[in-house]
Amino acid sequence: MEIYFVRHGESFSNVNDLYNGIEDIELTERGINEAISLSKILNNINFSVVFSSPLYRARKTAEYCGYFNLKVSELLIERNYGLLEGMKIGENYSEELINSVESSEDLYLRLFLFLNELNDRFNADSKILIFTHGTCIKYILSTIERKPIQKIKIDNGSLTSIIMEKDLSMSLGKYYNYKPKRM
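One rule links them: number in this note's numbering = place in the sequence shown (from 1) + 1088.
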């Protein structure tokens, strides 16, 4: 099964370097253009189904790519940053704030629950398109590449693909953090 992940286009939180998990944030003009640029590649692939995170920035990216009939899954939502939501990335925060963030284990569990559901519902020759978030894509790639998520770069408005076998083994696909040249 080929799974194509699109990280949503640039949002205002990305520009301002803020933790943004489950808050609904608008795309910037650049984020809209990133999605439109990606549509040229995506529209040439015949997808079996298209999924999206329920968050506005992911759904709007899908719409700007030309996908309106989305299956929305809560399992694809960005990491819940708890009390850090909306705060500046890279600052030092109290243990209380840090402990309010969704754990890595919980994030892994829900992402792999979603992948298991795909495996159960779709054929090996299916092509699945997923509009989601950077942290979600990084966590999946970290298991394939066996490296920490901090060493994985996934840009806004980028396309990354993986191959998932029926035994749930995964490998990198044709695209990795791919961004087409802007129009």
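Cβ coordinates follow ideal geometry from the N, Cα and C atoms, glycine included.
Residue i to residue j span [Cα, whole Å]
i       : j       : result
Val1160 : Ile1218 : 10 Å
Lys1235 : Leu1126 : 27 Å
Leu1260 : Leu1229 : 8 Å
Leu1164 : Ser1182 : 28 Å
Glu1190 : Arg1145 : 20 Å
Gly1055 : Leu1171 : Look at the range of the chain in this structure, 1089 to 1271, and you will see that residue 1055 is not part of it.
Glu1162 : Thr1223 : 15 Å
Asn1180 : Asn1131 : 43 Å
Arg1221 : Asp1213 : Rather than Arg, the amino acid found at residue 1221 in this sequence is His. C-alpha separation (whole angstroms): 25 Å.
Ile1186 : Met1175 : 12 Å
Asn1268 : Leu1197 : Looking at the sequence provided, one finds Pro at residue 1268 rather than Asn. If you take the alpha carbons of Pro1268 and Leu1197, they lie about 32 Å apart.
Identity of the residues DSSP links to residue i by a beta bridge
i       : result
Glu1111 : Beta-bridge pairing links Glu1111 to no other residue.
Leu1195 : DSSP output for Leu1195 lists no bridge partner at all.
Val1160 : Ser1140
Lys1176 : Leu1106
CB of residue i within 8 Å of CB of residue j, strictly
i       : j       : result
Ile1133 : Lys1262 : no
Tyr1227 : Leu1247 : no
Asn1168 : Ile1129 : no
Ser1099 : Gly1119 : yes
Asp1112 : Leu1143 : yes
Phe1202 : Met1089 : no
Asn1249 : Tyr1152 : Correcting the residue type first, residue 1249 is Ser in the shown sequence and not Asn. Contact: no.
Lys1254 : Asn1207 : yes
Leu1158 : Phe1139 : yes
Gly1097 : Glu1122 : yes
Arg1095 : Asp1243 : yes
Met1258 : Ile1232 : yes
Tyr1107 : Glu1173 : yes
Glu1117 : Ser1141 : no
Start and end residues, alpha helix (DSSP H) containing residue i
i       : result
Tyr1144 : 1144–1152
Phe1135 : Phe1135 -> no alpha helix (DSSP H), and no H or E assigned at all.
Asn1102 : 1100–1103
Lys1128 : 1117–1130
Glu1184 : 1183–1187
Residue span of the beta strand (DSSP E) that contains residue i, given as start and end
i       : result
Tyr1092 : 1090–1095
Completely contained beta strand (DSSP E) runs for the stretch 1202–1267, where each covers 3 or more residues: For the stretch 1202–1267, whole beta strand (DSSP E) runs of length 3 or above, ordered along the chain, are 1215–1220, 1247–1252, 1258–1260.
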